[in-house]
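In our numbering, the protein residues as written are 1411 to 1557. Let me begin by presenting the structure, written as structure tokens, before commenting on it.
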Amino acid sequence: MELKQQALELKSRLINSVEIWAEERVDSFVSGNTAFKPLGKYLKRGVHNIIVQKDKEITEKVEGFMLFVADENGNYDKEELFDDAMNVFKSMKPYKFEQGFIKGTIGEGSILIELPDNGLMNFILGDTNAIRITEADFLELKSIFTE
């Protein structure tokens, strides 16, 4: 199979896996507090809309990425790919990022997403001021991705 087709399949698998995983994370996040439940559908919608909005950018990045991880026929090892990415992610020094209104820190095996500190967010979320995504969360994503 050609490299470009494999890149599209990888992108599709990645996007589907991230959406499934994100929905599970959101459900887990809102399940402990009834005040969060209405927020869940908007968080899920936001994840989906960000992915749709970034589709072209994701496609370009995956195609470029495939030039380095796949052989000339577009073949790659999903398990090895994920394990290598996790090793790099765990060894990264933390750095701050900002994507629209989403701000946080990525590195040392986790992502910390800082929630806005304002009256509305404090009313909805209480004293929850950040969401941490850890290696355990990524292992769940890996199991979805490699199915």
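Note that CB positions come from ideal geometry on N, CA and C, so glycine has one too. Since the model is a prediction, treat every value here as computed from it, not as a measurement.
Of the listed residues F1439, H1458, N1459, nearest to G1450 (C-alpha basis): Your numbering for residue 1450 matches position 40 in the sequence shown. Comparing Cα-Cα distances from G1450 to each of F1439, H1458, N1459, the minimum goes to F1439.
Going by DSSP, which residues form a beta bridge with T1515? Here residue 1515 refers to the residue found at position 105 when the sequence shown is read from its first residue. Looking at the DSSP assignment, T1515 forms a beta bridge with K1506, L1522.
Whole runs of the alpha helix (DSSP H) within the segment 1437-1476, excluding any shorter than 4 residues: 1447-1463
Check the DSSP bridge columns for R1542 and list the partner residues they point to. Against the sequence shown, residue 1542 aligns to sequence position 132. According to DSSP, which records beta bridges pairwise, R1542 is partnered with L1522.
Output the boundary residues of the alpha helix (DSSP H) element that contains D1494. If you number the sequence shown from 1, residue 1494 lands on position 84. Note, D1494: alpha helix (DSSP H), 1488-1501.
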